[in-house]
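A short write-up of the structure that comes next.
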Amino acid sequence: MTEKSKDQIIADANDALDKLFTEANWLNLKNDITSLLITPRSNTTTTNEIFLMVKHDLVLSYKDLPYRDTLLEFGSALASENHNNSSFKLFDYEGLLKYLDLSNRSSFELSWSIINSTIIYDAFNQHENLKHSAMQINESQYKRVVKNYFFTIYQLLNMIKEESDSKNFILQEIITQYMRLSCLIEWSYFPPMLHLQSEFNLTALGKKFAGYFDNLLALDKTNVNADHIDLLDSYLVDLVSLVKNRFKESPDWIVESDDSIYSILTNSN
Numbered sequence: 176m177t178e179k180s181k182d183q184i185i186a187d188a189n190d191a192l193d194k195l196f197t198e199a200n201w202l203n204l205k206n207d208i209t210s211l212l213i214t215p216r217s218n219t220t221t222t223n224e225i226f227l228m229v230k231h232d233l234v235l236s237y238k239d240l241p242y243r244d245t246l247l248e249f250g251s252a253l254a255s256e257n258h259n260n261s262s263f264k265l266f267d268y269e270g271l272l273k274y275l276d277l278s279n280r281s282s283f284e285l286s287w288s289i290i291n292s293t294i295i296y297d298a299f300n301q302h303e304n305l306k307h308s309a310m311q312i313n314e315s316q317y318k319r320v321v322k323n324y325f326f327t328i329y330q331l332l333n334m335i336k337e338e339s340d341s342k343n344f345i346l347q348e349i350i351t352q353y354m355r356l357s358c359l360i361e362w363s364y365f366p367p368m369l370h371l372q373s374e375f376n377l378t379a380l381g382k383k384f385a386g387y388f389d390n391l392l393a394l395d396k397t398n399v400n401a402d403h404i405d406l407l408d409s410y411l412v413d414l415v416s417l418v419k420n421r422f423k424e425s426p427d428w429i430v431e432s433d434d435s436i437y438s439i440l441t442n443s444n
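Quick note: the sequence shown uses our numbering, first residue 176, plus one each step.
Listed below in structure tokens is the structure:
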């Protein structure tokens, strides 16, 4: 299949979006969308998958959105509709994080589809401003969160080596924490509002971690043994290596200073 040009993708998405806004239940969103994303990056599919982002409080007020009530039960504030050979998904950042509990394969794959998306333009024609401001990360907060995840997982690993009665519950918690941490690292280092420029093959990396998740979810949690612990240890070593490599080629707001995320994660203490 011939790969579409970026201009053609944008034109097709704009045309589909204009037609979507002729639908009564989407019309009132037109002035409230803050940005648009289109996926996948390969640009070879005949169906565009377009993400529309709005502010959380605005989504809550739209009573006529398709699937709104069902999805809001899960705190996602996400709606979707197929229209004119395009699949539209409406979400906000807060709602998406609630929707992606990051403890199952489908949520993980959805997060990767967004991470691997191609940015088209924002609704207010301020793409240059948005791509530098949207999803900006508070470095101090992020350092604490990432460090705490690593610390918690290592604590749980020590517990599972000693605890005899609750190993199955501890193992499940380790798996959940590991999944959240790996997605947190990918999400935070490559926010979807930024162009993805890296030496890493994100698609291959995504498949690798999806395989890890499948392996972890398939573990027999009723009979925890040394093989389980060895597997978790090896996956954590892989994750730490990934973080080290990513932060070495990090944006300017992550630097190799004494108090940086890179320093914290590479400090053996």
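All C-beta atoms, glycine included, are put in the ideal place defined by N, C-alpha and C.
Note that this is a predicted model, so its numbers are computed, not measured.
Sequence-distant residues of the same chain with beta carbon closer than 6 Å to Asn-189, five excluded per side:
So the list is empty, once near-sequence residues are dropped.
Determine the DSSP secondary structure at Ser-339, reduced to helix, strand or coil.
Coil at Ser-339, not helix or strand.
Ala-401 to Ala-191 span [Cα, whole Å]
Roughly 54 Å between the two C-alpha positions.
Taking all protein chains shown into account, do 16 or more other C-beta atoms lie within 10 angstroms of the C-beta of Val-399, making it buried, or fewer, making it exposed?
So Val-399 counts as buried.
Gln-352: buried (16+ other C-beta within 10 angstroms of its C-beta) or exposed?
Around the beta carbon of Gln-352, 16 or more other beta carbons lie within 10 angstroms, which makes this residue buried.
Buried or exposed: Ser-357, going by 16 or more other Cβ atoms within 10 Å of its Cβ?
Classification of Ser-357: buried, given that the 10 Å Cβ count is 16 or more.
Since Ile-335 and Leu-346 are thought to touch, with beta carbons under 8 Å apart, how far apart are those beta carbons, to the nearest angstrom?
Ile-335 to Leu-346, Cβ: 6 Å. Contact.
Can you tell me the Cα-Cα spacing of Thr-293 and Ser-339, whole angstroms?
Low per-residue confidence applies at Thr-293: pLDDT is 47, beneath 50, and the placement is therefore not dependable, though the value from the model is reported in the following sentence. Their backbone Cα atoms lie some 48 Å apart in a straight line.
Tell whether a beta-carbon distance below 9 Å holds between Leu-394 and Ile-350.
Result yes, Cβ atoms of Leu-394 and Ile-350 sit closer than 9 Å.
Contacts around Asn-343, its chain only, beta-carbon distance under 7 Å, and the 5 residues preceding and following it disregarded
Its chain contains Lys-396, Thr-397 and Val-399 as the residues whose beta carbon lies nearer than 7 Å to that of Asn-343, once the 5 sequence neighbours on both sides are disregarded; these appear in chain order.
Rounded to whole angstroms, how far is the Cβ of Leu-392 from the Cβ of Leu-332, which I believe are closer than 8 Å?
The beta-carbon separation of Leu-392 and Leu-332, rounded to 18 Å, does not stay under the 8 Å limit for a contact.
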